Amino acid sequence: ARYPTLAGASELQRSLRAGEAALVFFLGEPSSIRWEVTRDRISFSRLPSRKKIEADAARVRQLLAAPADPGAMRDAAATLGASLLTDLSIAGDAPIVVVPHGVLHYIPFEALPHANRLLVERHAISYAPSLNALAQLRNVPVNAAPFRVLAVGNPSLDLPRAPDARVARSGQAPSRSGDIENLALLPPLPFAEQELHSIGRTFPDHARIMSGASARESDLRSPDLSRYPVIHFATHGLVSDAQPKRSGLLLAAEPGEDGLLQTGEIYGLALNANLIVLSACQTALGKEITGEGLIGLSRAFFYAGARSVIATLWNLNDRFAAEFVEGFYRELNTGVSSEEALRRVKASYVNHPKYGHPFYWSSLVILGDGTRPLVPEPIARSRFQLVLALGLAGAALAITAVKGVKR
């Protein structure tokens, strides 16, 4: 898992698609380096020092923490983009693979400008711990089973709950994060339920929903798990710096299980998934190990048999997450690759009057090999399902308006 066979430069280049570019970063003193790798060339550029890039990235991270001051956000992103993307020679709409280093693991490159446009407006961007790891993921045969989605989330807990006073006062929808030591205080995620059922409406007869009490940890140890090319989690993400192995995804409590799918348990899952979606907070993060990148939930899912993982860089707003995910699967159902579907839905929010700040749309990133279309032919809804979907959507909007809930 940690020390795979190392490929040579020419083999790594052959793993890239025609027109695709990989940007590999190394932060150092007195200067940093960016390698630009394509099928037919390898070049490198000297960048500012690690200290300068870390300071610029820290400013961007600070402004991404909350949707405020979009002007300052644009200025900070432009400064960091100038440091990282100077003299970049990628043309047109070529896809980009980013191999980050150090603080760059925490930066969504989609939100950086290049040639007077945000990268996400032109380029599908994915991330990899290394080009060697990417080449291995692309060599793994895809799950050729008929398209099906397993959607798991919004677990019910047989634990005493305390209302989140801050949420009650502000009317804000909760974020999908939590603390390992305070599981009983986690608020419910009403829009996670909506998110799960929107997947079912997009792919009628091709989705299995496990929500509430049925979102059980024990069911994920079934050999049947390998039958699902796509597995989606919409729940609280629990991250512990003090106990990294306890980090995981919250599921329903049941006899003999603590309801927390921990990192170590994920390694033991029998997956054969083309895509894992972790619609929970900070699931793209982990412990940085020199030479390895971040070791966390996404790496555990790769080891368990996933080819690509969509994960988050910071806390995910519950209401927006449901809307964003529905848009992602709608794009996926048109027959494009998962990385392109993610790019399209992100680009649709760039100039959105309410959700245009990158805080909302740039948190979800795709890691690994997201180059393959996952839905061979668009899956259509019946007329009855369309009428039902419209009715449910209208009812949800009416309830939201009455409660005054914001997300």
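Each residue of the sequence shown is one higher than the one before, counting from 26 in the numbering used here. Glycine included, C-beta positions come from ideal geometry on N, C-alpha and C. On a predicted model such as this, the values are computed, not experimentally measured, just so you know.
Check                                                                                                                  : Outcome
Inter-residue Cα distance where the pair is Ile205 and Ser272                                                          : Because the pLDDT at Ile205 is just 46, under 50, the model does not fix this residue reliably, and the point stays unresolved.
Cβ-based burial, Gly284 [other Cβ within 10 Å; buried from 16]                                                         : buried
Asp230, buried or exposed, once every other Cβ within 10 Å from all chains shown has been counted against 16           : exposed
Leu52 versus Lys76, Gln38, Gly44 and Leu143, residue with shortest Cα-Cα distance                                      : Lys76
Where Tyr292 sits in the DSSP three-state scheme                                                                       : coil
Inter-stretch contact (C-beta, 8 angstroms, three-pair minimum) for the stretch 26 to 45 and the stretch 85 to 93      : no
Under the three-state DSSP convention, the category Ala299 falls into                                                  : Checking the sequence shown, residue 299 turns out to be Asn, not Ala. It is coil, neither helix nor strand.
Backbone secondary structure at Phe51 - three-state DSSP                                                               : strand
Cβ shell of Ala232 (< 8 angstroms), same chain only, five flanking positions each side left out                        : Arg173, Val174, Leu175, Ala176, Ile224 and Gly225
Cβ pair Leu41, Ser57 closer than 9 angstroms                                                                           : no
Whole-angstrom distance between Leu109 and Arg59, CA atom to CA atom                                                   : 8 angstroms
Any 3 or more C-beta pairs closer than 8 angstroms across the stretch 255 to 265 and the stretch 290 to 305            : yes
Per DSSP, cross-strand counterpart(s) of Arg142                                                                        : His139
Other residues of its chain near Ser68: CB distance less than 6 angstroms, five sequence neighbours each side excluded : Glu61
Beta-bridge pairing of Tyr152 - partner residues as DSSP gives them                                                    : Val123 and Leu392
Simplified DSSP assignment, three categories, for Gly178                                                               : strand
Simplified DSSP assignment, three categories, for Arg191                                                               : Residue confidence for Arg191 is low, a pLDDT of 32 falling below 50, so the modelled location carries little weight; the figure read from the coordinates is stated next. In this structure, Arg191 counts as helix in the three-state DSSP scheme.
Beta-carbon separation (whole angstroms), Tyr131 vs Val390, contact threshold 8 angstroms                              : Not confirmed; about 10 angstroms, so no contact.
Assumed close pair Ala295, Leu250 - CB separation to whole angstroms, cut-off 8 angstroms                              : 6 angstroms
For His222, the first and last residue of its enclosing alpha helix (DSSP H)                                           : Pro215 to Thr227
Limits of the unbroken alpha helix (DSSP H) element including Arg369                                                   : Ser363 to Ala372
Close beta carbons around Phe384, own chain, < 6 angstroms, minus the five adjacent residues each side                 : Leu89 and Pro92
Same chain, Cβ closer than 6 angstroms to Gly127, five either side skipped, listed in chain order                      : Leu52
Assigned exposure category for Val167 - 16 Cβ within 10 Å defines buried                                               : exposed
Buried versus exposed, by CB contacts within 10 Å (16 or more), Gly293                                                 : exposed
Status (buried if at least 16 other CB within 10 Å, exposed otherwise) for His382                                      : buried
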